[in-house]
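Residue numbers (the working numbering): 8 to 485.
Here it is as structure tokens:
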């Protein structure tokens with residue numbers, strides 16, 4: 008298997024590691040969106056599109072430096088927006104009038120004979136880690152790489168009168184995306200030939216290589232349907248929804264790694280009397296953490312009571328000197344029509360399933376800001392769409408997801424990580440009370456969810472919906 012980054016040959020056949028640049032092309036003006044600002048400066052899911060895109064490259068382990076090519080006249084505002092939050096961001100430059108001119112400026116700005124260069128549209132903020140990794144890796148075997156997905160639609164060719172002249176074989180058609188990735192020397196060579204052509208014009212850089220270096224094969228890497236380009240007004244709505252629904256599994260830790268991460272940590276588990284909360288407490292203690300577990304049936308703590316929460320957390324802080332993580336697993340599930348629910352049932356459902364999360368967050372904030380700790384909440388798969396007879400539960404769980412995403416941004420400057428676990432149907436007393444006995448093997452165990460939860464609070468994730476799924480071969484996070 009090729010080692011990413013080892014691309015340039017030294018005398019004697021050895022490979023020399025070259026830098027990998029992630030270049031964010033942010034030269035759009037937002038005309039088709041009907042905006043007065045560049046489209047990459049529009050906010051989606053709480054951040055500008057540009058911030059989302061820069062973050063994708065800045066956080067990727069195979070990217071060494073990030074460059075931003077911005078709409079002329081916006082350099083200072085972009086520098087202020089991005090600030091010093093992105094450690095790999097090395098350069099913000101004005102782009103050219105055309106895409107080709109912008110690329111030439113990129114080639115001039117990179118002071119190296121050889122490098123890996125990934126050029127990416129700023130308005131594709133949902134590019135994922137897998138796509139970037141595969142582009143970087145493909146450059147160990149190819150000189151140019153494009154990202155594309157199969158065409159699910161039939162594509163027709165028409166003449167000037169809109170009469171179909173040809174229907175190409177769909178199995179050979181791909182829809183291009185970005186990044187487009189190149190060895191620096193290859194892209195420079197293509198542009199050196201292109202500028203000699205008085206009729207030169209191209210809308211993308213792989214097209215420049217295909218036209219002017221026909222001997223160079225351009226490898227296609229599979230893109231993603233989610234890697235959309237925000238071009239039209241409806242794209243803003245779609246992108247915002249995709250960010251809202253974005254989920255991932257927590258990075259799995261071995262028992263030894265978990266022990267190393269948790270030893271000496273102080274965890275507070277609210278809802279720790281039984282089920283998932285009790286399993287989190289048990290496993291964390293076995294891994295060397297100090298765990299204080301509260302539950303209505305054990306310590307009498309009501310998780311929706313702000314004053315009681317503040318007192319309980321202050322007591323933990325006074326006794327143990329710190330709080331590294333607060334986990335809220337408490338919940339109540341009432342199944343039935345909203346119209347037949349009593350006022351008491353409605354109040355209890357909202358208080359425990361949502362108000363508790365708000366108050367736990369408020370009470371936890373000063374302690375987690377001190378430790379740069381972790382707040383972990385819980386949702387349900389019903390958060391994506393309300394379900395019949397689950398109106399209160401589903402809506403509260405949707406609110407918890409929104410709360411998580413908002414707090415992860417509000418508290419990022421304090422170093423606090425906020426995530427929410429979304430387990431598949433789980434074998435807990437709460438579920439048994441609502442649904443009775445269910446087929447063996449059809450449910451996750453509380454232990455599986457607890458393990459994924461501890462993987463999460465010992466990670467650097469924040470603002471993420473962490474999926475926990477059953478897997479037939481036994482992988483606990485599916």
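Just so you know, even glycine gets a beta-carbon here, dropped at the ideal spot from N, CA and C.
DSSP beta-bridge partners for residue 164?
Within the chain shown, residue 164 is the residue found at index 157, counting from 1. Within the DSSP secondary-structure output, residue 164 pairs in a beta bridge with 173.
Please determine if the segment 366–377 and the segment 312–329 are in contact, where contact requires at least 3 C-beta pairs separated by less than 8 Å.
At 8 Å Cβ cutoff, the stretches touch.
Tell me whether residue 400 sits in a helix, a strand or coil according to DSSP, three-state version.
Numbered from 1 along the chain shown, position 393 holds the residue referred to as residue 400. DSSP places residue 400 in helix when its eight states are reduced to three.
Given residue 174 as reference, the closest of 358, 161, 182 once Cα atoms are compared:
Counted from its first residue, the chain shown places residue 174 at position 167. Minimum Cα distance to residue 174 is reached at 161.
Between residue 302 and residue 31, what straight-line distance do the alpha-carbon atoms span, to the nearest angstrom?
Position 295 of the chain shown, counting from 1, holds the residue named residue 302. Position 24 of the chain shown, counting from 1, holds the residue named residue 31. Taking the straight line from one Cα to the other gives about 49 Å.
If you count every other CB in all the chains shown that lies within 10 Å of the CB of residue 267, and 16 or more means buried, which is it?
Position 260 of the chain shown holds residue 267. Per the 10 Å Cβ criterion, exposed.
Using 8 Å as the Cβ pair cut-off and three pairs as the minimum, do the segment 56–68 and the segment 93–102 touch?
Under the three-pair Cβ rule at 8 Å, the segment 56–68 counts as touching the segment 93–102.
Using the beta-carbon count (16 or more within 10 Å), is residue 354 buried or exposed?
Within the chain shown, numbered from 1, the residue matching residue 354 stands at position 347. Exposed: under 16 other Cβ atoms inside 10 Å.
Limits of the unbroken beta strand (DSSP E) element including residue 97
In the chain shown, counting from the first residue as 1, residue 97 sits at position 90. Run containing residue 97: 96–101, per the beta strand (DSSP E) assignment.
Whose C-beta lies closer than 6 Å to the C-beta of residue 188 among residues of the same chain, with five residues either side of it excluded?
Taking the chain shown and counting its residues from 1, the one referred to as residue 188 is at position 181. Excluding sequence neighbours, residue 188 sits near 125, 142, 146, 152.
Report the partner residues of residue 157 according to the DSSP bridge assignment.
The residue you call residue 157 lines up with position 150 of the chain shown. In the DSSP output, where bridge partners are listed per residue, residue 157 has 181.
Rounded straight-line distance, which links the Cα of residue 100 to that of residue 80:
The residue you call residue 80 lines up with position 73 of the chain shown. The residue you call residue 100 lines up with position 93 of the chain shown. If I take the Cα positions, the gap works out to 10 Å.
Using CA coordinates, which residue listed in 312, 76, 300 is at the minimum distance from residue 361?
If you number the chain shown from 1, residue 361 lands on position 354. Measuring from the Cα of residue 361, the nearest candidate turns out to be 312.
Report the residue from 46, 27, 45 whose alpha carbon sits nearest the alpha carbon of residue 74.
Walking along the chain shown from the start, residue 74 turns up at place 67. Closest option to residue 74, Cα to Cα, is 27.
Can you tell me whether residue 370 is helix, strand or coil according to DSSP?
Position 363 of the chain shown, counting from 1, holds the residue named residue 370. Taken through DSSP and simplified to helix, strand or coil, residue 370 comes out as helix.
If we ignore side chains and look at the alpha-carbon of each, how far apart do residue 115 and residue 121 end up?
The sequence position of residue 115 within the chain shown is 108, counting from 1. The sequence position of residue 121 within the chain shown is 114, counting from 1. The alpha-carbon atoms of residue 115 and residue 121 are separated by roughly 13 Å.
Of all the options 25, 104, 57, 44, which has the alpha carbon lying nearest to the alpha carbon of residue 33?
Locating residue 33 in the chain shown gives position 26, counting from the first residue. In terms of Cα proximity to residue 33, the closest of 25, 104, 57, 44 is 57.
Could you compute how far the alpha carbon of residue 193 sits from the alpha carbon of residue 144?
Here residue 193 refers to the residue found at position 186 of the chain shown. Here residue 144 refers to the residue found at position 137 of the chain shown. Their backbone Cα atoms lie some 16 Å apart in a straight line.
With distances taken from CA atoms, which of 252, 87, 117 is nearest residue 389?
Along the chain shown, one-based indexing puts residue 389 at 382. Out of 252, 87, 117, 252 has the C-alpha closest to the C-alpha of residue 389.
So what does DSSP say about residue 131, is it helix, strand or coil?
To locate residue 131, count along the chain shown from 1; it is residue 124. In the structure shown, residue 131 sits in coil (DSSP, three-state: anything other than H, G, I, E or B).
Count the other CB atoms within 10 Å of the CB of residue 127; is the residue buried (16 or more) or exposed (fewer)?
Start at 1 with the first residue of the chain shown, and residue 127 comes out as number 120. Burial call: buried.
What is the rounded straight-line gap between the Cα of residue 246 and the Cα of residue 231?
Taking the first residue of the chain shown as 1, we reach residue 246 at position 239. Taking the first residue of the chain shown as 1, we reach residue 231 at position 224. Taking the straight line from one Cα to the other gives about 13 Å.
Could you spell out where the beta strand (DSSP E) holding residue 297 opens and where it closes?
As a working note, residue 297 is residue 290 in the chain shown. 297–301 is the extent of the beta strand (DSSP E) around residue 297.
Which partner residues does residue 73 have in the DSSP bridge list?
Residue 73 sits at position 66 when you count from the first residue of the chain shown. For residue 73, the pairing in a beta bridge is given by DSSP as 29, 96.
Give the DSSP-derived three-state secondary structure of residue 251 in the structure shown.
Stepping through the chain shown from its first residue, residue 251 is reached at position 244. In this structure, residue 251 counts as helix in the three-state DSSP scheme.
Would you call the segment 452–467 and the segment 408–419 touching, i.e. three or more CB-CB distances under 8 Å?
No, they do not touch.
Should residue 477 go down as buried or exposed, given a rule of 16 or more other Cβ atoms within 10 Å for buried?
Within the chain shown, numbered from 1, the residue matching residue 477 stands at position 470. The residue is buried, with at least 16 neighbouring Cβ atoms inside 10 Å.
Taking the straight line between their C-alpha atoms, what separation do you get for residue 504 and residue 392?
For the chain, the structure presents residues 8 to 485; residue 504 sits outside this window and is missing.
Between residue 6 and the rest of its own chain, which residues show a CB-CB distance below 6 Å, the 5 nearest in sequence each way excluded?
It is not possible to answer for residue 6, since the shown part of the chain is limited to 8 through 485.
In whole angstroms, give me the CA-to-CA distance for residue 200 and residue 224.
In the chain shown, the residue the question calls residue 200 occupies position 193. In the chain shown, the residue the question calls residue 224 occupies position 217. One C-alpha to the other measures close to 17 Å.
Where residue 216 falls, given that 16 or more other Cβ within 10 Å makes a residue buried:
Locating residue 216 in the chain shown gives position 209, where the first residue counts as 1. With 16 or more Cβ atoms within 10 Å of its Cβ, residue 216 is classed as buried.
Since I believe residue 310 is in contact with residue 367 (beta carbons under 8 Å), could you give me their beta-carbon distance rounded to a whole number of angstroms?
Your numbering for residue 367 matches position 360 in the chain shown. Your numbering for residue 310 matches position 303 in the chain shown. Indeed, because the Cβ distance is near 6 Å, the residues count as touching under 8 Å.
Integer Cβ distance of residue 356 from residue 403, believed to fall under 8 Å:
Stepping through the chain shown from its first residue, residue 356 is reached at position 349. Stepping through the chain shown from its first residue, residue 403 is reached at position 396. The C-beta distance from residue 356 to residue 403 rounds to 7 Å, short enough to fall under 8 Å.
Helix, strand or coil, according to DSSP, for residue 8 in the structure here?
Within the chain shown, numbered from 1, the residue matching residue 8 stands at position 1. Here the model assigns residue 8 a pLDDT of 36, short of 50, so the residue's position is not dependable, and the following value carries that caveat. Residue 8 falls in the coil class under three-state DSSP.
Short of 6 Å in beta carbon distance, which residues of its chain neighbour residue 399, apart from the five on each side in sequence? Order them along the chain.
Residue mapping note: residue 399 aligns to position 392 of the chain shown, counting from 1. Correct list, in chain order: 356.
Using a Cβ-Cβ cutoff of less than 7 Å, which residues in the same chain neighbour residue 61 once the five nearest sequence positions on both sides are dropped?
For the purposes of this step, residue 61 is identified with residue 54 of the chain shown, where counting begins at 1. Close CB contacts of residue 61 within its chain, under the 7 Å cut and outside five residues either way in sequence, are with 31, 73, 75, 89, 93, 96 (chain order).
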